[in-house]
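Enquirer: Starting off with a structure, shown below.
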Amino acid sequence: MAELPFVDTHVHLSDLRAPQLKYVWLQPEFVHPVLGDIGAIQAQRYWADDFLRETRFQNVARTVHVQAALGIADPVEETRWLQAFADRLGHPHGIVGEVHLARPDAAEVIDRHMAFANFRGVRDFGSGDYPSDRNWRRGFANLAKYGLVACLDSSPETYASIKSLAKAFPHIVISLDHAGFPRRRDGEYFAFWKRELMNLAEMSNVMIKISGLGMCDNNWTVDSLRPWVMTCIETFGVGRSFFGTNWPVDRMYSSYGDVLNAYAELISGFSGEEQVALFSGNAQRIFRV
């Protein structure tokens, strides 16, 4: 059983009844392009209260919420909603909110997010080769003003562009979410993912968030996760690696305790100090939580 305090860097909360929020991906008719049918998690709400109740037997010390509202008119409304939970319950300790970085008002939206004490980072679901887009980069530059983390959902095909982005903005920390979102689990794809990952890891301002691995390995075991998790840590080093659960999305594939126990088993060969860094210390430092 995982006993170390855990900082979960990838949690999603939602409320379909909140009129100021919108969740396109949680609508009954929505079919996820990667996950397919996600009806099992399309609940009317998943509040911080619900997360804390579900994880009460685990040693979750802190949480970072990553943007869940999608299709919302004003993304700052999600940050406002989340900060109310933080003020009442302590969770989430960090908030990563949506900003459409290619838009002319990106700097203004970031300023408005920053009115809330727990705001720590930005996520923007770009399409195509968005890290190379000039307008997108202009918006991206605004993260440096507040020391915000850029949480990127990217596949191996875009790692080269992210490397170029990291080189152009060396003072902005980039979190490569979901272990770089490898979509397949065959040997050929693993070799491709690893090669691209090693190239990207040359940039010291890029960190790896090991999370959401169940999305493309629905019947995962510790052994099936092992090469992916260990490659992440070996490639980026202990100091630039940390964990998240992608909860409640990954509940479709296991329990919360199963995920934490798997992580704990996979890093059991590291020193005690390294295990603490991977489970909590690095995340606390990177997200200032």
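In the numbering used here, each residue's number is its place in the sequence shown (first place is 1) plus 7. Ideal placement from N, C-alpha and C gives every residue a C-beta, glycine not left out.
1) H17: which of G128, T228, C239, R145 sits nearest, CA to CA?
2) Considering only residues of the same chain and omitting the five flanking positions on each side of R192, which have a CB-CB separation below 8 Å?
3) Taking Cβ to Cβ, would you say G251 is nearer than 8 Å to S218?
4) Look at A124 and E105 and say whether their C-beta atoms are less than 8 Å apart.
5) By the 10 Å Cβ neighbour count, where 16 or more other Cβ atoms means buried, how is F132 classified, buried or exposed?
6) Determine contact between the segment 140 to 153 and the segment 199 to 209, defined as no fewer than three beta-carbon pairs at a distance below 8 Å.
7) Please report the distance separating the alpha-carbon of I181 from that of M210.
8) Just the C-alpha distance for S287 and S168, rounded to the nearest angstrom, thanks.
9) Run through DSSP, which three-state label would W235 get?
10) Measure the CB-CB distance between Q65 and G279 and report whether it falls below 8 Å.
11) Use the C-beta contact count for H185: other C-beta atoms within 10 angstroms, 16 or more gives buried, fewer gives exposed.
12) On the premise that Y53 lies in contact with P255, defined as a C-beta separation below 8 Å, what is that separation, rounded to the nearest angstrom?
13) Considering Cα atoms alone, identify which of M237, H178, A68, M259 is closest to A47.
14) With respect to the alpha helix (DSSP H) encompassing S248, which residues constitute its N-terminal and C-terminal limits?
15) Taking Cβ to Cβ, would you say R119 is nearer than 8 Å to G146?
16) State the Cα-Cα distance for the pair F197 and C239, rounded to the nearest angstrom.
17) Could you compute how far the alpha carbon of D112 sits from the alpha carbon of V83?
18) Here's a check: name, in chain order, each residue in its chain whose Cβ is nearer than 6 Å to the Cβ of R63, leaving out the five neighbours to either side.
19) Alpha carbon to alpha carbon, what distance is there between F188 and L89?
20) Is the beta carbon of S139 closer than 8 Å to that of S171?
21) Please report how far the alpha carbon of P26 lies from the alpha carbon of S275, in whole angstroms.
22) Thinking C-beta only, is V116 closer than 8 Å to V73?
23) Under the rule that 16 or more other beta-carbon atoms within 10 Å means buried, what is S248, buried or exposed?
24) Give, in chain order, every unbroken run of the alpha helix (DSSP H) that is at least 4 residues long and sits entirely within the segment 190 to 219.
25) Sort G221, V229, E241 by Cα distance to I215 and report the nearest one.
26) Could you check what DSSP says for W227 in three-state terms: helix, strand or coil?
27) With a 10 Å radius around its C-beta and 16 neighbouring C-beta atoms as the bar for buried, classify R141 as buried or exposed.
28) If F92 and H100 are in contact, beta carbons under 8 Å, what's the gap, nearest whole angstrom?
29) Out of L20, L59, Q51, which has the shortest C-alpha to C-alpha gap to P35?
30) Return the chain-ordered list of same chain residues with a C-beta closer than 6 Å to the C-beta of I45, the five sequence neighbours on each side being excluded.
Expert: From the atom records:
1) As a position in the sequence shown, residue 17 is number 10, starting the count at 1. Of all alpha-carbon atoms in G128, T228, C239, R145, the one lying nearest the alpha-carbon of H17 is that of G128.
2) Start at 1 with the first residue of the sequence shown, and residue 192 comes out as number 185. Cβ neighbours of R192 beyond the five flanking positions: C223, D224, S231.
3) What you label residue 251 is simply residue 244 of the sequence shown in a count that begins at 1. What you label residue 218 is simply residue 211 of the sequence shown in a count that begins at 1. Yes, they are a contact pair.
4) Position 117 of the sequence shown, counted from the first residue, corresponds to residue 124. Position 98 of the sequence shown, counted from the first residue, corresponds to residue 105. The beta carbons of A124 and E105 sit no closer together than 8 Å.
5) By one-based count along the sequence shown, residue 132 stands at place 125. Label assigned to F132: exposed.
6) With the rule of 3 Cβ pairs closer than 8 Å, the segment 140 to 153 does not count as touching the segment 199 to 209.
7) Reading the sequence shown from its first residue, position 174 is the one you call residue 181. Reading the sequence shown from its first residue, position 203 is the one you call residue 210. Cα-Cα distance, rounded: 10 Å.
8) Position 280 of the sequence shown, counted from the first residue, corresponds to residue 287. Position 161 of the sequence shown, counted from the first residue, corresponds to residue 168. Approximately 29 Å between the Cα atoms of the pair.
9) Taking the sequence shown and counting its residues from 1, one reaches residue 235 at position 228. When DSSP states are grouped into helix, strand and coil, W235 belongs to the helix group.
10) Within the sequence shown, numbered from 1, the residue matching residue 65 stands at position 58. Within the sequence shown, numbered from 1, the residue matching residue 279 stands at position 272. Cβ atoms of Q65 and G279: not closer than 8 Å.
11) Counting from one through the sequence shown, the residue named residue 185 turns up at place 178. Under this definition H185 is a buried residue.
12) On the sequence shown, position 248 is the one that residue 255 refers to. On the sequence shown, position 46 is the one that residue 53 refers to. That belief holds up - the Cβ atoms of P255 and Y53 are roughly 6 Å apart, short of 8 Å.
13) By 1-based counting over the sequence shown, the position of residue 47 is 40. Of the listed residues, the one whose Cα sits closest to A47 is M259.
14) To locate residue 248, count along the sequence shown from 1; it is residue 241. According to the DSSP assignment, S248 belongs to no alpha helix (DSSP H) but to the beta strand (DSSP E) extending over 248 to 250.
15) On the sequence shown, residue 119 is found 112 positions in, with the first residue counted as 1. On the sequence shown, residue 146 is found 139 positions in, with the first residue counted as 1. Taking 8 Å as the Cβ cut-off, R119 and G146 do not qualify as a contacting pair.
16) Locating residue 197 in the sequence shown gives position 190, where the first residue counts as 1. Locating residue 239 in the sequence shown gives position 232, where the first residue counts as 1. Between the C-alpha atoms of F197 and C239 there is a straight-line separation of about 12 Å.
17) The sequence position of residue 112 within the sequence shown is 105, counting from 1. The sequence position of residue 83 within the sequence shown is 76, counting from 1. For D112 and V83, the distance between alpha carbons rounds to 13 Å.
18) What you label residue 63 is simply residue 56 of the sequence shown in a count that begins at 1. Same-chain partners within the cutoff: there are none.
19) In the sequence shown, the residue the question calls residue 89 occupies position 82. In the sequence shown, the residue the question calls residue 188 occupies position 181. CA-CA distance, L89 to F188, rounds to 26 Å.
20) Translated into positions along the sequence shown, residue 171 becomes position 164. Translated into positions along the sequence shown, residue 139 becomes position 132. Inclusion of S171 and S139 in the CB contact set at 8 Å is warranted, their separation being smaller than that value.
21) The residue given as residue 26 occupies position 19 in the sequence shown. The residue given as residue 275 occupies position 268 in the sequence shown. Within the model, the alpha-carbon separation for P26 versus S275 is close to 45 Å.
22) Counted from its first residue, the sequence shown places residue 73 at position 66. Counted from its first residue, the sequence shown places residue 116 at position 109. Against a cut-off of 8 Å, the Cβ pair of V116 and V73 comes out as no contact.
23) As a first step, residue 248 is located in the sequence shown; it is residue number 241 there, counting from the start. Result: buried.
24) Within the segment 190 to 219, the complete alpha helix (DSSP H) runs of at least 4 residues are 194 to 207.
25) As a first step, residue 215 is located in the sequence shown; it is residue number 208 there, counting from the start. The option with the nearest alpha carbon to I215 is E241.
26) Taking the first residue of the sequence shown as 1, we reach residue 227 at position 220. The answer is coil: DSSP assigns W227 none of H, G, I, E or B.
27) On the sequence shown, residue 141 is found 134 positions in, with the first residue counted as 1. Exposed is the call here.
28) Counting from 1 along the sequence shown, the entry for residue 92 is found at position 85. Counting from 1 along the sequence shown, the entry for residue 100 is found at position 93. Incorrect: roughly 11 Å between the Cβ atoms, too far for contact.
29) Walking along the sequence shown from the start, residue 35 turns up at place 28. Looking only at L20, L59, Q51, the smallest Cα-Cα distance to P35 is reached by Q51.
30) Position 38 of the sequence shown holds residue 45. Only H39 meet the Cβ criterion.
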